[in-house]
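Chemist:
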Amino acid sequence: MRNIIFTGKGGVGKTSVAAATALKAADLGFKTLIMSTDPAHSLGDSLDVQLGPSPVKITENLWGQEVSVFGDLNLNWDVVREHFASLMESRGIEGVYAEEMGVLPGMEELFSLSYIKRYNEEQADFDLLVVDCAPTGETLRLLSLPETFGWFIKLIRNVEKYMVKPVIRPLSKKIKKIDDFVAPEEVYEKVDNLFSSTEGIIDLLADGSKSTVRLVMNPEKMVIKESMRALTYLNLYGITVDSITINRVMPDQSSDTYFQKWRAIQQKYIEQIQDAFAPIPIAEVPLFEGEVVGLDMLRKVGAKVYGDKNPLDIMFKENPIDIKKVSEGHYTVRVRLPFIDHMGMEPKILKLGDDLTIRIGDYQKIVALPIFLAGMESTGASFEDKWLNIDFERKH
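Have a look at this one:
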């Protein structure tokens, strides 16, 4: 299955471009599922159909789905939620407050990620999965969650393995008060299931042979800045951005000075985008005379974005993380971070065992080093032509 993930700053029209991509693929004969993980769903509005938490057929070869966070929580986290609620009630916290304590921050995004992995693992009867993600900031937070949750859930598993089963649970049979606080085994099973459902998702998204991200932006200063940050963070996670769509470009048709001024401003920013994001392919979609709602208008958007190209094609190939041999016993781990200088942040690098942790601002990536590098010393780091180079040399 081919996976295409769309993201961009809120309000730029990413849902329209995502829907147009899915429709274009379906018209070419590819069985396509488009899925919205944005909590504020607008996919159904864009397609002008009623969508639900399960795939709904829209037209020939095209299905749509809007992920239901509350349904997933009730189905997959109910036991854990009830246990947390009972713990809170025993401490005098009741009602809605006790219920909410059982929902950990970021759980909505984790369940959204689990769908991507599930459809790929089940070899669902689709050629293409298009994901209409939440705005950029939420998407980046979503990508950082599996590693954070992985650490947390491993901690819970170890507590169960080394403390609860051999020590606390036997005591709870004799001391009733302890029994009130000991989680039933079903709680640990649910926690384990959540971990399993998202484990490896970043590796799936970083597989450039099947998964790519496409950025949507408007020719505006703030949008460009956010897109620069997004590309840098996506590269940090090893995820390929294979195309960019500049949406709502003013047509050069009006003699009105007001519109001509806006056209000139947009053209200045379009040139900036082309210079800054090259060599990633860039498409332009004009500001249409009518609303982009319904299949007919989405087909017009798809024609502008792709022309006669196949939307399933990988438009640009580049491995954002690679390892280069410099000389015998000297290697460099390279991470493409194209706009780190614009962000005013210095990356923090830590090597611990066979893990290399790279942190930029609020986001970090743990790179599992191959065995031959794990035994080497990190001797320094430098920037060269938008790449972070981390040197490793054999110990003497």
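At position 357 of the sequence shown (counting the first as 1) the number is 374 in the working numbering, and the numbers step up by one without a gap. No residue lacks a Cβ here, since even glycine has one placed at the ideal position from N, Cα and C.
What's the gap between the Cα of Gly311 and the Cα of Glu77?
Modeler: Their Cα atoms are separated by approximately 15 Å.
Chemist: I'd like to check one pair, Gln82 with Lys68: are the Cβ atoms closer than 9 Å?
Modeler: Looking at the sequence provided, one finds Leu at residue 68 rather than Lys. Going by C-beta atoms, Leu68 is nearer than 9 Å to Gln82.
Chemist: Looking at Thr229: is its Cβ nearer than 9 Å to the Cβ of Ile21?
Modeler: Yes, Cβ-Cβ distance for Thr229 and Ile21 is below 9 Å.
Chemist: Please look up how many angstroms separate the CB atoms of Thr257 and Pro337, rounded, as I've assumed it's under 8 Å.
Modeler: With 8 Å as the limit, Thr257 and Pro337 qualify as a contact, their Cβ atoms being about 7 Å apart.
Chemist: Please report the distance separating the alpha-carbon of Ser253 from that of Asn235.
Modeler: Per the sequence presented here, residue 253 reads as Leu, with Ser not at that position. Those two C-alpha atoms are separated by around 24 Å.
Chemist: Using a 10 Å radius around the Cβ and a threshold of 16 neighbouring Cβ atoms, would you call Gln291 buried or exposed?
Modeler: Gln291 is exposed by the Cβ-count criterion.
Chemist: Helix, strand or coil for Arg411? Go by DSSP, reduced to three states.
Modeler: Coil at Arg411, not helix or strand.
Chemist: Rounded to the nearest angstrom, what separates Ile75 and Val66 at their Cα positions?
Modeler: Each residue's alpha carbon lies about 7 Å from the other.
Chemist: Could you spell out the range, first to last residue, of the beta strand (DSSP E) harbouring Met52?
Modeler: First-last of the beta strand (DSSP E) with Met52: 49 to 53.
Chemist: Hey, could you find the ends of the beta strand (DSSP E) Met314 is sitting in?
Modeler: Note, Met314: premise wrong, no beta strand (DSSP E); alpha helix (DSSP H) at 312 to 323.
Chemist: Can you check DSSP and say which residues form a bridge with Ala385?
Modeler: Bridge partners of Ala385: Asp372.
Chemist: Give me the Cβ distance between Tyr250 and Leu367, rounded to the nearest whole Å; I'm assuming they're in contact under 8 Å.
Modeler: Actually they do not touch by this definition, with Cβ atoms about 18 Å apart.
Chemist: Please go through the same chain and pick out, in chain order, the residues whose beta-carbon is closer than 6 Å to the beta-carbon of Val352, but skip the five residues on each side of it.
Modeler: For Val352, where only same-chain residues beyond five positions count, the Cβ hits under 6 Å are Ile338, Leu405.
Chemist: Tell me which residue opens and which closes the alpha helix (DSSP H) that Met360 is part of.
Modeler: It spans 357 to 360 - the alpha helix (DSSP H) in which Met360 sits, taken as one unbroken run.
Chemist: Which residues share a DSSP beta bridge with Glu99?
Modeler: DSSP lists no partner for Glu99.
Chemist: Which residue from Ile133, Thr49, Arg246, Ala35 puts its Cα closest to that of Gly361?
Modeler: Among Ile133, Thr49, Arg246, Ala35, the Cα nearest to that of Gly361 is on Arg246.
Chemist: With Thr249 as the anchor, note down where its alpha helix (DSSP H) starts and where it stops.
Modeler: Per DSSP, Thr249 belongs to the alpha helix (DSSP H) from 238 to 253.
Chemist: Considering only residues of the same chain and omitting the five flanking positions on each side of Ser244, which have a CB-CB separation below 6 Å?
Modeler: Hits under 6 Å: Leu232, Met234.
Chemist: From which residue to which residue does the beta strand (DSSP E) around Glu301 run?
Modeler: First-last of the beta strand (DSSP E) with Glu301: 299 to 303.
Chemist: What span of residues does the alpha helix (DSSP H) with Asp62 cover, start to end?
Modeler: Here the alpha helix (DSSP H) through Asp62 covers 60 to 64.
Chemist: Within its chain, find whatever has a CB closer than 8 Å to the CB of Lys334; leave out the 5 residues flanking it on each side and keep chain order.
Modeler: Taken in chain order, the residues that qualify are Gly225, Thr257, Asp259.
Chemist: Are the beta-carbon atoms belonging to Ala35 and Val147 less than 9 Å from one another?
Modeler: The answer is yes: Cβ separation under 9 Å.
Chemist: CB-CB under 8 Å to Asp142, same chain, minus the five flanking residues each way: which ones, in chain order?
Modeler: Hits under 8 Å: Lys48.
Chemist: Using 8 Å as the cut-off, classify the Cβ of Met267 as near or not near the heavy atoms of the ligand GTP, replying yes or no.
Modeler: Among the ligands in the structure shown, none appear at all, so the ligand GTP cannot be discussed.
Chemist: Can you tell me where the beta strand (DSSP E) holding Gln67 begins and where it ends?
Modeler: Taken as a continuous stretch (DSSP letters only), Gln67 belongs to no beta strand (DSSP E), as it is neither H nor E.
Chemist: Pull up the distance between the alpha-carbon of Thr54 and that of Arg411, whole angstroms please.
Modeler: When rounded, the distance between both Cα atoms is 45 Å.
Chemist: What residue range is occupied by the uninterrupted beta strand (DSSP E) comprising Ser395?
Modeler: Note, Ser395: beta strand (DSSP E), 394 to 401.
Chemist: Kindly list the residues whose CB is nearer than 6 Å to the CB of Asp371, restricted to its own chain and excluding five residues on each side of it in sequence; keep chain order.
Modeler: Counting only Cβ-Cβ distances below 6 Å, and skipping sequence neighbours, we find Leu386, Ala391.
Chemist: What is the residue span of the beta strand (DSSP E) that Leu79 lies within?
Modeler: Unbroken beta strand (DSSP E) run through Leu79: 79 to 83.
Chemist: Are the beta-carbon atoms of Asp209 and Phe23 separated by less than 9 Å?
Modeler: No.
Chemist: Buried or exposed: which applies to Ile192, given that a residue is buried once 16 or more other Cβ atoms fall within 10 Å of its Cβ?
Modeler: Residue placement at Ile192 is flagged as unreliable, the pLDDT there being 46, under the threshold of 50; the coordinate-derived value follows with that caveat. So Ile192 ends up on the exposed side.
Chemist: Per DSSP, Trp404 forms a beta bridge with which residues?
Modeler: Per DSSP, Arg353, Glu401.
Chemist: Quick check on DSSP: helix, strand or coil for Asn210?
Modeler: Helix.
Chemist: Does Thr153 come out as helix, strand or coil in the three-state DSSP assignment?
Modeler: Thr153 falls in the helix class under three-state DSSP.
Chemist: How big is the Cα-Cα spacing for Lys365 and Gln283?
Modeler: The straight-line gap from Cα to Cα measures roughly 36 Å.
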